[in-house]
Amino acid sequence: MEPVRHEAMRARNLELVLGEISRGGPLTRAALAELTGLTKSTVSTLVGSLVDAGFLAETAAVRAGERGRPGVEVSLSGARMASLGLEVNVDYLAACLLDLTGAVRRSVRIERDNRGAPAETVLDAVRELASAELAEARGLGLTVAGAVLAVSGPVRDGVVLSAPNLGWRNVPVSLDLPVPVSVDNEANLGALGELWFGAGAADFLYVSGEIGIGAGLVVDSRLFRGTGGELGHVLVSPSGPSCRCGAAGCLETYAGQEAMLTAAGVSTVDALSAALAEADDAALSAVSAAGEALGLALASAVNLVDVDRVVLGGVFGPLFPWLAPAAEAVLRARLTGLRGSVPVLSPSALGDSAATLGAAGRTIHGVLADPGPFLAR
């Protein structure tokens, strides 16, 4: 049996201390020693390193009891370390700068039609946006630990395998930035955003409603990667319209953003929401049809993964009051006899920020889980 190396033990202890503070809020060194089982001297040394590195900050003194000197609480500090979340979608680019406490320091969205543009051109625009945000972070005195890019399509080993709405296939992502960069599916990152910054349920299916429709599954407060996530290409009608993926009758052709806008005769989601609020017949019919199609796709997904909660994000959030009733009716008709109940549908409060929040949050959670490599930085 090999001995435990000092570096590995220190890394584990740093994780213990930082984890307790991130979960439990401000804590004294004495409280940390009790919670972690470490000695007070070890905790003091670790906390000193984390304070010096700007990961923790000392707050007001608190008196632990009637006797002795008051302890000094320490809490997470957002003054030094940060992460960058990026997203490339069909009609926009977005970025989110998050500090170690989970606070959003900057959020940027650039409207841009990325359909038909060469992948290299779009990635150049992402690189330019990311470089500008890294410069802003430096101006705020923040060191960016890494960046994660959200893309609407399945990803493997840094390669976007297929993103039909962007026209991408087997596109390797390399942004050539001065920080580590990884790429992941937009719906998976949206699910993480919902988990960490939204309702925070332990088990749910997150559905991202954009021009395309993706899905991410969270089980026991962890992202489950055994599903493909391309809910928009679930078949809902064999005789339905042609889809950009090459098939026909996909959910996206009924409940995707463009499909709903076209059916309602409007050009923007805001205009669609306004028409729905005025009880416009075309808008109501379009969104009801989208809800029915969504219900069919969700019924198949629920039969497969057996979840009790579905969170509707992206454009489905503001359309929820009109979209959900039709989807729920289909779910009741198709699932009640099998399961005895239907999953609860709820709107995400994060809007179109879920994926960038999840992307930035993934790096922050990585730092909290293993702060050692970042202390010197």
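If you count the sequence shown from 1, position 215 lands on 211 in our numbering, and the numbers rise without skipping.
Idealized CB from N, CA, C, for every residue including glycine.
On a predicted model such as this, the values are computed, not experimentally measured, just so you know.
Compute the beta-carbon to beta-carbon distance between V104 and L145, rounded to the nearest angstrom, for a pair I have assumed lies under 8 Å.
Counting from one through the sequence shown, the residue named residue 104 turns up at place 108. Counting from one through the sequence shown, the residue named residue 145 turns up at place 149. L145 and V104 do not touch by the CB rule: their CB atoms are close to 14 Å apart, not below 8 Å.
Taking 8 Å as the cut-off, does the region 178 to 191 touch the region 342 to 361 (at least 3 CB pairs, one atom from each stretch)?
Yes: at least three Cβ pairs fall under 8 Å.
Mapping DSSP to helix, strand and coil, what is S18?
What you label residue 18 is simply residue 22 of the sequence shown in a count that begins at 1. The DSSP-derived three-state label of S18 is helix.
Nonlocal neighbours in the same chain, by C-beta distance under 8 Å from A365, ignoring five residues either side
Working through the sequence shown from its first residue, we reach residue 365 at position 369. So the list reads E11, G15, once near-sequence residues are dropped.
Where does the unbroken alpha helix (DSSP H) through P317 begin, and where does it stop?
By one-based count along the sequence shown, residue 317 stands at place 321. 316 to 335 is the extent of the alpha helix (DSSP H) around P317.
Local conformation of S148 per DSSP, three classes
As a position in the sequence shown, residue 148 is number 152, starting the count at 1. Secondary structure at S148: coil, using DSSP grouped into helix, strand and coil.
Identify the continuous alpha helix (DSSP H) that holds A279 and give its terminal residues.
Here the question's residue 279 lines up with position 283 in the sequence shown. For A279, the uninterrupted alpha helix (DSSP H) segment begins and ends at 277 to 301.
On a CA-only basis, which of V311, V340, L315 is nearest E324? Give me that one, please.
Within the sequence shown, the letter at position 328 stands for residue 324. Distances from the CA of E324 to each of V311, V340, L315 were compared; the closest alpha carbon is that of V340.
With 16 as the cutoff for other CB atoms within 10 Å, does N166 come out buried or exposed?
For the purposes of this step, residue 166 is taken as residue 170 along the sequence shown, with counting starting at 1. By the 10 Å Cβ count, N166 comes out exposed.
Top-ranked residue by Cα proximity to W164, from E116, D348, V39, A322
Here residue 164 is taken as the residue at index 168 of the sequence shown, counted from 1. The shortest CA-to-CA distance from W164 to any of E116, D348, V39, A322 is the one to E116.
Report buried or exposed for D348, applying the criterion of at least 16 other Cβ atoms within 10 angstroms of its Cβ.
Taking the sequence shown and counting its residues from 1, the one referred to as residue 348 is at position 352. Buried is the call here.
Whose C-beta lies closer than 6 Å to the C-beta of E54 among residues of the same chain, with five residues either side of it excluded?
As a position in the sequence shown, residue 54 is number 58, starting the count at 1. Once the five neighbours on either side are set aside, the close Cβ partners of E54 are V68, V70.
Unbroken alpha helix (DSSP H) run spanning S269, endpoints:
Mapped onto the sequence shown, residue 269 falls at position 273. Taken as a continuous stretch (DSSP letters only), the alpha helix (DSSP H) holding S269 covers 265 to 273.
Is the beta carbon of V100 closer than 7 Å to that of E375?
No answer is possible for residue 375: it lies beyond the span of the chain, which begins at -3 and ends at 373.
Drop a sphere of 10 angstroms on the beta-carbon of A187, count the other beta-carbons inside from all chains shown, and report buried for 16 or more, exposed for fewer.
Residue mapping note: residue 187 aligns to position 191 of the sequence shown, counting from 1. For A187, the number of other beta carbons within 10 angstroms of its own is at least 16, and it is reported as buried.
Just how far apart, CA to CA, sit L72 and N299?
The residue you call residue 72 lines up with position 76 of the sequence shown. The residue you call residue 299 lines up with position 303 of the sequence shown. Here the alpha carbons of N299 and L72 stand approximately 42 Å from one another.
Start and end residues, beta strand (DSSP E) containing D95:
Working through the sequence shown from its first residue, we reach residue 95 at position 99. Unbroken beta strand (DSSP E) run through D95: 88 to 95.
Measuring straight from C-alpha to C-alpha, what distance separates L219 and S281?
Locating residue 219 in the sequence shown gives position 223, where the first residue counts as 1. Locating residue 281 in the sequence shown gives position 285, where the first residue counts as 1. Going by the C-alpha atoms only, they are around 35 Å apart.
Residue span of the alpha helix (DSSP H) that contains A128, given as start and end
Counted from its first residue, the sequence shown places residue 128 at position 132. DSSP places A128 inside the alpha helix (DSSP H), whose first and last residues are 115 to 135.
Bounding residues of the alpha helix (DSSP H) (the contiguous stretch that carries G354)
For the purposes of this step, residue 354 is taken as residue 358 along the sequence shown, with counting starting at 1. Note, G354: alpha helix (DSSP H), 350 to 365.
Supposed close pair R305, F200 - CB separation, criterion 8 Å
Position 309 of the sequence shown holds residue 305. Position 204 of the sequence shown holds residue 200. Cβ-Cβ separation between R305 and F200: approximately 4 Å, consistent with a contact (criterion under 8 Å).
How close, in whole Å, do the beta carbons of P411 and S269 come, if the pair is a contact with beta carbons under 8 Å?
With the chain represented from -3 up to 373, any question about residue 411 goes unanswered, as that position is not in the structure.
Who are the near neighbours of S284 in its chain, counting only those whose CB is closer than 6 Å to its CB and skipping five residues on each side?
The count along the sequence shown starts at 1 and reaches residue 284 at position 288. So the list reads A322, once near-sequence residues are dropped.
For L294, which residues from the same chain have a beta carbon less than 7 Å from its beta carbon, with the 5 sequence-adjacent residues on both sides left out?
Working through the sequence shown from its first residue, we reach residue 294 at position 298. Short of 7 Å from the beta carbon of L294, and not among the five residues preceding or following it, lie these beta carbons of its own chain, in chain order: V306, A323, L327.
Distance between A197 and S217 (C-alpha atoms, nearest Å):
Taking the sequence shown and counting its residues from 1, the one referred to as residue 217 is at position 221. Taking the sequence shown and counting its residues from 1, the one referred to as residue 197 is at position 201. Their backbone Cα atoms lie some 7 Å apart in a straight line.
I'd like to check one pair, S148 with G208: are the Cβ atoms closer than 7 Å?
Within the sequence shown, the letter at position 212 stands for residue 208. Within the sequence shown, the letter at position 152 stands for residue 148. Cβ atoms of G208 and S148: closer than 7 Å.
Should C92 and G74 be called a contact, given that it needs their Cβ atoms to be closer than 7 Å?
By one-based count along the sequence shown, residue 92 stands at place 96. By one-based count along the sequence shown, residue 74 stands at place 78. In this structure, G74 does not lie closer than 7 Å to C92 by Cβ.
Within 10 angstroms of the Cβ of P176, are there 16 or more other Cβ atoms? Answer buried if so, exposed if not.
Stepping through the sequence shown from its first residue, residue 176 is reached at position 180. Around the beta carbon of P176, fewer than 16 other beta carbons sit within 10 angstroms, so the residue counts as exposed.
When DSSP builds the beta bridges, which residues end up paired with P168?
The count along the sequence shown starts at 1 and reaches residue 168 at position 172. For P168, which the question treats as bridged, DSSP gives the partners V155.
Roughly how many angstroms separate the alpha carbons of E129 and G261, rounded to a whole number?
For the purposes of this step, residue 129 is identified with residue 133 of the sequence shown, where counting begins at 1. For the purposes of this step, residue 261 is identified with residue 265 of the sequence shown, where counting begins at 1. Cα to Cα, the separation comes out at about 37 Å.
Classify T258: buried if its beta carbon has 16 or more other beta carbons within 10 angstroms, exposed otherwise.
Here residue 258 corresponds to residue number 262 of the sequence shown, with the count starting at 1. That one is exposed.
On a Cα-Cα basis, can you pick out the residue from R76, V203, S158 that is closest to V140?
One-based indexing of the sequence shown puts residue 140 at position 144. Scanning R76, V203, S158 for the CA closest to the CA of V140 turns up R76.
V338 to L331, Cα distance in whole Å?
Looking up residue 338 in the sequence shown gives position 342. Looking up residue 331 in the sequence shown gives position 335. Taking the straight line joining both Cα atoms gives about 6 Å.
Where do the ends of the alpha helix (DSSP H) carrying N184 lie?
Within the sequence shown, the letter at position 188 stands for residue 184. Its alpha helix (DSSP H) spans residues 182 to 193.
Other residues of its chain near A255: CB distance less than 6 Å, five sequence neighbours each side excluded:
Walking along the sequence shown from the start, residue 255 turns up at place 259. For A255, same chain residues with a beta-carbon under 6 Å away, outside a window of 5 residues either side, are T249 in chain order.
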